[in-house]
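Read left to right, the sequence shown gives residues 11 to 376 (my numbering). Beta carbons: idealized from backbone N, C-alpha and C, even for Gly. Structure, as structure tokens:
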Amino acid sequence: MSRKAKAVVCRENNKPLRVEEISVDAPKRGEALVRLGACGVCHSDLSAVTGTIALPLPLVLGHEGAGIVEEVGEGVTDLKSGDPVAFSFVYMCGKCRFCVSGRPVLCLEQGKALTTPLEGTPRTHDAAGKPLNIFSGCGAMAEYATVSAENLIKIDPKIPLDCAALVGCGVTTGVGAVFNTAKVAPGSSVAVFGCGGVGLSVIQGARIAGADKIIAIDTLEAKLEMAKKFGATDVILAREDPVKALKKMTGGGPDYAFECVGSGELAATAYRAIVRGGVAVVVGVAKPSDSTSVRTMTLPFEEKTLKGSYFGSCVPRIDFPRMFSLYLKGDLKLEELITRRYRVDEAPQAFADLESGRNARGVIVF
Ligand SMILES: NC(=O)c1ccc[n+]([C@@H]2O[C@H](COP(=O)([O-])OP(=O)(O)OC[C@H]3O[C@@H](n4cnc5c(N)ncnc54)[C@H](O)[C@@H]3O)[C@@H](O)[C@H]2O)c1
Ligand SMILES: [Zn+2]
Ligand SMILES: [Zn+2]
11 MSRKAKAVVC RENNKPLRVE EISVDAPKRG EALVRLGACG VCHSDLSAVT
61 GTIALPLPLV LGHEGAGIVE EVGEGVTDLK SGDPVAFSFV YMCGKCRFCV
111 SGRPVLCLEQ GKALTTPLEG TPRTHDAAGK PLNIFSGCGA MAEYATVSAE
161 NLIKIDPKIP LDCAALVGCG VTTGVGAVFN TAKVAPGSSV AVFGCGGVGL
211 SVIQGARIAG ADKIIAIDTL EAKLEMAKKF GATDVILARE DPVKALKKMT
261 GGGPDYAFEC VGSGELAATA YRAIVRGGVA VVVGVAKPSD STSVRTMTLP
311 FEEKTLKGSY FGSCVPRIDF PRMFSLYLKG DLKLEELITR RYRVDEAPQA
361 FADLESGRNA RGVIVF
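Okay, here's the thing in structure tokens:
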């Protein structure tokens with residue numbers, strides 16, 4: 011049976027978002043239909059609206075979701091009606107060489123479930139019956155979503171769905187970049203460029219990993235105040251090039267720097283800032299035409315590393331439970347990341363607040 015659902019739809023780049031009534035079909039083989047409880051508003055959703063992330067329109071936004079399974083398709087054995095789940099926004103086949111070698115965020119098949127479930131035809135249609143694409147195989151900014159079962163991770167029912175949603179992207183992306191991509195060592199120094207939901211999660215991850223100095227950099231004073239609450243030991247208001255200040259504060263440069271904004275220029279700044287032997291990690295997603303550059307000779311002479319991190323280099327079935335256990339122990343702050351909750355009708359306001367930097371994270375609750 012198909013469901014009617016209110017959904018946040020992008021029809022044209024850089025035009026106001028619409029909250030529409032759509033229909034969501036029953037799951038086919040290997041799929042599940044989820045009733046959403048919450049969906050975080052990630053900058054990547056905004057990037058789909060601006061065209062920085064170029065996905066075909068019209069598009070149901072949302073990938074940082076959590077909800078309750080209502081129906082499963084044929085062949086789905088590990089999920090059943092009533093199960094609480096968090097969305098995992100990268101389709102992982104479990105069989106390709108990247109999946110089997112423990113790097114499923116690089117799954118070779120992920121492109122097949124980028125705007126529809128894996129099978130390739132849409133389950134979502136607008137009021138006129140025209141097909142709608144879904145962001146990153148999720149389309150979680152809707153009361154219902156039908157997705158490939160591989161995009162869903164069963165979670166502990168003790169976790170509130172709004173907190174679980176954040177683990178579906180921002181938190182795992184940030185904490186995973188620290189734990190999995192950079193493997194930040196205790197006692198080290200860390201610089202974090204950009205203190206949105208992702209950057210604040212890097213900060214918390216660095217605190218949990220036992221970093222000694224955690225320096226937060228943002229253009230907004232209010233974000234630096236938030237950063238301190240999540241574990242930043244020092245802050246820099248980004249007005250001019252912060253490299254000099256960072257070198258001074260750390261006696262030569264931070265061991266790790268995380269770019270959590272999406273700019274090649276800032277990636278280059280992060281790389282310049284790190285100490286010899288250091289690691290600069292690019293987490294932010296820049297527009298396709300953007301590029302970055304490093305002084306080539308610093309690569310051999312200073313053994314510096316510039317690397318990327320996608321979805322916190324995570325293995326969702328291992329890392330999601332790890333995030334929830336850190337949360338239940340009180341180490342990982344999830345409630346505190348939610349600055350404001352919105353009804354789905356208020357989605358345009360939620361995006362405006364993301365753009366102005368008002369929130370650590372805004373979350374749409376259903
Ligand atoms: N790699 C991944 O898997 C992945 C996953 C999720 C999000 N992202 C990307 O991470 C980035 C951050 O996402 P978010 O949801 O936290 O965004 P956000 O908009 O909530 O936060 C961005 C922060 O950067 C700050 N900022 C802007 N320009 C700056 C500058 N020049 N110097 C310092 N700070 C600056 C803003 O004030 C804001 O606080 C985006 O590019 C997003 O697309 C990547
Ligand atoms: Zn995201
Ligand atoms: Zn794979």
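Item	Value
What are the boundary residues of the alpha helix (DSSP H) that includes PRO358?	357 to 366
Mind listing, in chain order, the continuous beta strand (DSSP E) runs of no fewer than 3 residues lying wholly within the segment 174 to 259?	199 to 203, 223 to 228 and 244 to 247
Would you call the segment 40 to 48 and the segment 127 to 138 touching, i.e. three or more CB-CB distances under 8 Å?	yes
Please tell me whether, using a cut-off of 7 Å, the distance from the CB of SER323 to the nearest non-hydrogen atom of ligand 2 is below it.	no
Pull up the CB-CB distance for ALA187 and GLY50, whole angstroms please, since I reckon it's below 8 Å.	Not a contact, Cβ separation roughly 17 Å.
Just tell me which of GLY274, ALA159 and GLY367 has its CA closest to the CA of THR229.	GLY367
Kindly identify the DSSP beta-bridge partner or partners of GLU31.	LYS16
Helix, strand or coil for CYS109 per DSSP?	helix
Across which residues does DSSP place SER273 in a beta bridge pair?	Answer by DSSP bridge pairing: none, since SER273 is not bridged.
Which of the three DSSP states, helix, strand or coil, is assigned to SER57?	helix
Is the beta carbon of ASP244 within less than 7 Å of some heavy atom of ligand 1?	no
On a Cα-Cα basis, can you pick out the residue from VAL271, CYS109, LEU171 and GLY47 that is closest to GLU365?	VAL271
So is the beta-carbon of GLY220 under 7 Å away from any non-hydrogen atom of ligand 3?	no
Classify PRO94 as helix, strand or coil using the three-state DSSP reduction.	strand
Could you tell me whether any non-hydrogen atom of ligand 1 is closer than 7 Å to the CB of ASP228?	yes
From which residue to which residue does the beta strand (DSSP E) around ARG350 run?	348 to 352
What separation, rounded to the nearest whole angstrom, lies between the Cα atoms of LEU342 and MET333?	7 Å
With a threshold of 8 Å, are at least 3 pairs of Cβ atoms found where one atom belongs to the segment 66 to 82 and the other to the segment 90 to 110?	yes
For the alpha helix (DSSP H) that contains SER335, what are its first and last residues?	326 to 338
Please check the pair CYS106 and LEU118, which I expect to be a contact at CB under 8 Å, by giving their CB distance rounded to whole angstroms.	4 Å
Whose CA, out of GLU235, LYS140, LYS193 and TYR352, lies closest to the CA of GLY215?	LYS193
Please confirm whether any heavy atom of ligand 3 lies closer than 7 Å to the CB of CYS148.	no
Whole angstroms are fine: how far does the CA of GLY104 sit from the CA of VAL110?	6 Å
Measuring straight from C-alpha to C-alpha, what distance separates SER12 and VAL253?	55 Å
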